[in-house]
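Take 1203 as the starting number for the sequence shown in the numbering used here and just add one per residue. Quick reminder that beta carbons are idealized off the backbone N, C-alpha and C, glycines included. Worksheet: one structure, shown below.
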Amino acid sequence: MKEIPVPRSGSWDMGTIKALVGFLAIVGAIYCAFQIIPPEMGNYSFQDDLKNIAMTAGANPHVTDQQLQEQVIRKAADHDIVLTPEQVTIQRISTPGLLAVYVSADYSVPVNLPGYPFTLHFTPSSGNKGM
């Protein structure tokens, strides 16, 4: 009868190493997702707010550009986005019988992953300015 070799205590076989590497890869992916997804979701919600601001401003021609900029900056702050007035663009598009307002912002969010810091750049807008 042939004897089956039994691994020594404390030695690692290839299956254990693969499982450990796989587990570390999953943990790393989850960590990256927790760093990247919140700015992406904040931008998505902020873009929806920009559309609402533009629609409201288009219906009310008495709102000044400065008031619109302040509204945009306040909405950005609700999503933990820091904007200055220079980063906000307001454009009024007037056609006979219709006043439309185009609103956009331009900002960046730094993301610090271990060993790989980078910046996410966003340019949310209220939609097509050719309407």
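Item	Value
At least three beta-carbon pairs within less than 8 Å, the stretch 1224–1232 to the stretch 1300–1307	no
Rounded Cβ spacing between H1281 and S1328 (contact assumed at less than 8 Å)	H1281 to S1328, Cβ: 15 Å. No contact.
Alpha helix (DSSP H) runs wholly inside the stretch 1255–1288, at least 4 long, in chain order	1267–1280
Nonlocal neighbours in the same chain, by C-beta distance under 6 Å from L1252, ignoring five residues either side	V1305, P1326 and S1328
Nearest-angstrom beta carbon gap, L1270 and I1255 [assumed within contact, 8 Å]	7 Å
The beta strand (DSSP E) enclosing T1291, as first and last residue numbers	V1290 to T1297
Touching by the beta-carbon criterion (3+ pairs, under 8 Å), the stretch 1290–1302 and the stretch 1310–1326	no
Beta-carbon gap between G1260 and A1302 smaller than 8 Å	yes
Within 8 Å, strictly: CB atoms of Y1237 and L1315	Going by the sequence as given, residue 1237 is Gln instead of Tyr. Yes, these two residues count as a Cβ contact at 8 Å.
Alpha carbon of Y1318 to alpha carbon of K1204, nearest angstrom	53 Å
C-alpha distance - I1206 paired with F1225, whole-angstrom precision	30 Å
Within 8 Å, strictly: CB atoms of F1320 and N1245	no
Three-way DSSP call (helix, strand, coil) for S1327 in this model	strand
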